[in-house]
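If you read the sequence shown in the working numbering, its first letter stands for residue 169, the second for the next number, and so on.
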Amino acid sequence: QRNGRRYAAQDAMRLYNEVPELFPKSPLAGEAMYRSADIRWQIEKADVMSLPSAREQEPYLRKGMNEEYFKKVIKKFPGTKWAYLATFQLIDNKLCGDWQAQAKCPTKEAEIYEKYAAEYPQSPAVAQALFQAAYRWSALIEIYKSGEEAKKSDEAKGRAIADAEKAIAQAGQTDWGPRAKRLQYMVQQGIPTYGNGQ
Numbered sequence: 169q170r171n172g173r174r175y176a177a178q179d180a181m182r183l184y185n186e187v188p189e190l191f192p193k194s195p196l197a198g199e200a201m202y203r204s205a206d207i208r209w210q211i212e213k214a215d216v217m218s219l220p221s222a223r224e225q226e227p228y229l230r231k232g233m234n235e236e237y238f239k240k241v242i243k244k245f246p247g248t249k250w251a252y253l254a255t256f257q258l259i260d261n262k263l264c265g266d267w268q269a270q271a272k273c274p275t276k277e278a279e280i281y282e283k284y285a286a287e288y289p290q291s292p293a294v295a296q297a298l299f300q301a302a303y304r305w306s307a308l309i310e311i312y313k314s315g316e317e318a319k320k321s322d323e324a325k326g327r328a329i330a331d332a333e334k335a336i337a338q339a340g341q342t343d344w345g346p347r348a349k350r351l352q353y354m355v356q357q358g359i360p361t362y363g364n365g366q
């Protein structure tokens, strides 16, 4: 929207929202409803993340994005690509702001992403979810090392490599495959992925 027409996103959101209203039986109704909800979510997310509370460690300490519109997509178009993508976007409200170099948040987040990948194996966001889980496990390698917990660090390394491998297998033609390969390489070579300005 920076270089586009002012309020173009809001106009697109409104127009997408009208498709399922005017043409509820259209094969494009699910996608249109999802696109409208996604635009609304991204606008709201930019506002929420600009607040000081966005850096709070616990998700409940900050204002979350309104889940109503994605939940409507899930309810109206269950078992579709659009419902799976809406469910994936809702994970944002469960993420911590700042991990503060503690293991609790990245562990919880990795498990949330792994659970999503297990529950929605047909989702187009599976590779992304597995990459996000792998990244969090890779961050835990350094977090545990700094706390002198070598065994937990090794376990995190194993889980990071395993999730990255799964992401590569699921990625298809998306960029999540190359990103997962890079992450896997860094973990295998002992290159820190957290705490080094990344």
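The beta-carbon is built from N, C-alpha and C at its ideal position, and this holds for glycine as well.
Just so it is clear, the structure is predicted and the values come from calculations on it, not from any experiment.
Assigned exposure category for residue 149 - 16 Cβ within 10 Å defines buried: This structure leaves residue 149 out entirely; the chain is present only between 169 and 366.
Spatial neighbours of residue 293 in its chain, beta-carbon cut-off 8 Å, leaving aside the 5 residues before and after: One-based indexing of the sequence shown puts residue 293 at position 125. Within the same chain, 252, 253, 256, 284 come within 8 Å of residue 293 by CB-CB distance, once the 5 residues on both sides are set aside.
Secondary structure of residue 365, DSSP reduced to three states: Looking up residue 365 in the sequence shown gives position 197. Only weak support exists for where residue 365 lies, its pLDDT of 43 falling under 50; the value from the coordinates is given anyway. DSSP places residue 365 outside both helix and strand once states are collapsed to three, so it counts as coil.
For residue 268, the three-state DSSP class (helix, strand or coil): Counted from its first residue, the sequence shown places residue 268 at position 100. In the three-state scheme derived from DSSP, where H, G and I count as helix and E and B as strand, residue 268 is classed as coil.
Residue 184 classed as buried or exposed, judged by whether at least 16 other C-beta atoms fall within 10 angstroms: By one-based count along the sequence shown, residue 184 stands at place 16. The residue is buried, with at least 16 neighbouring Cβ atoms inside 10 Å.
Nearest residue (CA-CA) to residue 186, options 203, 173, 174: One-based indexing of the sequence shown puts residue 186 at position 18. Taking only the C-alpha atoms, the option nearest residue 186 is 203.
Spatially closest choice to residue 218 from 290, 179, 231, by CA coordinates: Here residue 218 refers to the residue found at position 50 of the sequence shown. Here the closest residue by C-alpha is 231.
Own chain partners of residue 344 with C-beta closer than 7 Å, once the 5 adjacent residues on each side are dropped: In the sequence shown, the residue the question calls residue 344 occupies position 176. Apart from the 5 residues on each side of it in sequence, residue 344 sits with its Cβ closer than 7 Å to the Cβ of 295, 296, 299, 335 in its chain, given in chain order.
Test item: CB-CB of residue 286 and residue 302 under 9 Å: Looking up residue 286 in the sequence shown gives position 118. Looking up residue 302 in the sequence shown gives position 134. Not a contact, by the Cβ cut-off of 9 Å.
For residue 345, the first and last residue of its enclosing alpha helix (DSSP H): Here residue 345 is taken as the residue at index 177 of the sequence shown, counted from 1. It spans 344–356 - the alpha helix (DSSP H) in which residue 345 sits, taken as one unbroken run.
Contact between the region 219–230 and the region 173–183 (3+ Cβ pairs under 8 Å): No: the two stretches stay apart, fewer than three of their Cβ pairs being nearer than 8 Å.
Nearest to residue 305 (by Cα), restricted to the options 316, 281, 346, 268: For the purposes of this step, residue 305 is taken as the residue at position 137 of the sequence shown. Residue 281 is the option with its Cα nearest to residue 305.
C-beta atoms of residue 309 and residue 362 nearer than 9 Å: The residue you call residue 309 lines up with position 141 of the sequence shown. The residue you call residue 362 lines up with position 194 of the sequence shown. Cβ distance < 9 Å, so residue 309 and residue 362 count as in contact.
Residue burial classification, residue 199 (beta-carbon count within 10 angstroms, cutoff 16): Locating residue 199 in the sequence shown gives position 31, where the first residue counts as 1. Burial call: buried.
Integer Cβ distance of residue 201 from residue 239, believed to fall under 8 Å: The residue labelled residue 201 in the question sits at position 33 within the sequence shown. The residue labelled residue 239 in the question sits at position 71 within the sequence shown. About 11 Å separates the Cβ atoms of residue 201 and residue 239, ruling out a contact at the 8 Å cut-off.
4 or more residues per run - each alpha helix (DSSP H) lying fully within the region 170–215: Qualifying alpha helix (DSSP H) stretches, in chain order: 176–190.
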